[in-house]
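To keep things clear, I will list the structure first and then write my remarks on it.
Numbering (the numbering used here), first residue to last: 799 to 971.
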């Protein structure tokens, strides 16, 4: 899957980024080098100065959105590992005429589409499995990301014993 952006074809830039490796890329997306990337990597292009790095965005979500009473936070892990409870949280946020019917329809149509499976590197929807980053990133990269994101991960419930047991984080706010 290739991202479009403000990069002329056949310049070798995308190849250069790919050859630097995924570990370099993810660390750059959470720090100052993010601003040096051309094109729409990460969010990119002309909006970088407004949205900031991936870390900046998560911190802003925590500060500005999650404390609001009308905000419902759900996790990718819960969607994949416990679709019914994830869907219950989503539908509870709306004043639905028949929430049970809505959940039944959504479950019938989509529960299998979020089930974990084999990876297809050519598909936008790849493997789906939570924690798949452990197969792709070096352990030192994961440790560095855990260090950088520690306050965010803690607030989102990724440092709780329950997460280690169930694989589903429970946000704290």
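The beta-carbon is built from N, C-alpha and C at its ideal position, and this holds for glycine as well.
Per-residue DSSP class, three states only, for residue i
i	result
residue 853	helix
residue 846	helix
residue 800	A caution first: residue 800 carries a pLDDT of 49, below 50, which makes its placement in the model unreliable, though a value can still be read off. In the structure shown, residue 800 sits in coil (DSSP, three-state: anything other than H, G, I, E or B).
residue 821	helix
residue 868	coil
residue 902	helix
residue 954	coil
residue 927	coil
residue 932	helix
residue 966	coil
residue 893	coil
residue 835	coil
residue 828	coil
residue 881	helix
residue 937	helix
residue 873	coil
Alpha-carbon spacing of residue i relative to residue j, whole angstroms
i	j	result
residue 936	residue 821	7 Å
residue 969	residue 871	8 Å
residue 837	residue 830	16 Å
residue 1048	residue 867	Because the chain spans 799 through 971 in this model, residue 1048 falls outside it and cannot be assessed.
residue 817	residue 889	43 Å
residue 844	residue 885	35 Å
residue 901	residue 907	10 Å
residue 814	residue 835	11 Å
residue 911	residue 903	13 Å
residue 894	residue 883	17 Å
residue 898	residue 930	32 Å
residue 928	residue 865	25 Å
residue 933	residue 948	21 Å
residue 971	residue 860	9 Å
residue 941	residue 950	14 Å
residue 896	residue 887	15 Å
residue 819	residue 846	21 Å
Spatial neighbours of residue i in its chain, beta-carbon cut-off 8 Å, leaving aside the 5 residues before and after
i	result
residue 863	869
residue 959	none
residue 824	935, 939, 943
7 Å Cβ shell around residue i - same chain, five flanking residues per side excluded
i	result
residue 810	none
residue 891	870
residue 880	966
Same chain, Cβ closer than 6 Å to residue i, neighbours up to 5 away in sequence not counted
i	result
residue 828	851, 852, 853, 946
residue 909	881
residue 826	832
Would you check if the stretch 949 to 962 and the stretch 851 to 861 touch, i.e. whether three or more CB-CB distances between them fall below 8 Å? A contact exists between the stretch 851 to 861 and the stretch 949 to 962.
Could you check whether the stretch 956 to 971 touches the stretch 867 to 884, counting it as contact only if at least three pairs of C-beta atoms, one from each stretch, sit closer than 8 Å? At 8 Å Cβ cutoff, the stretches touch.
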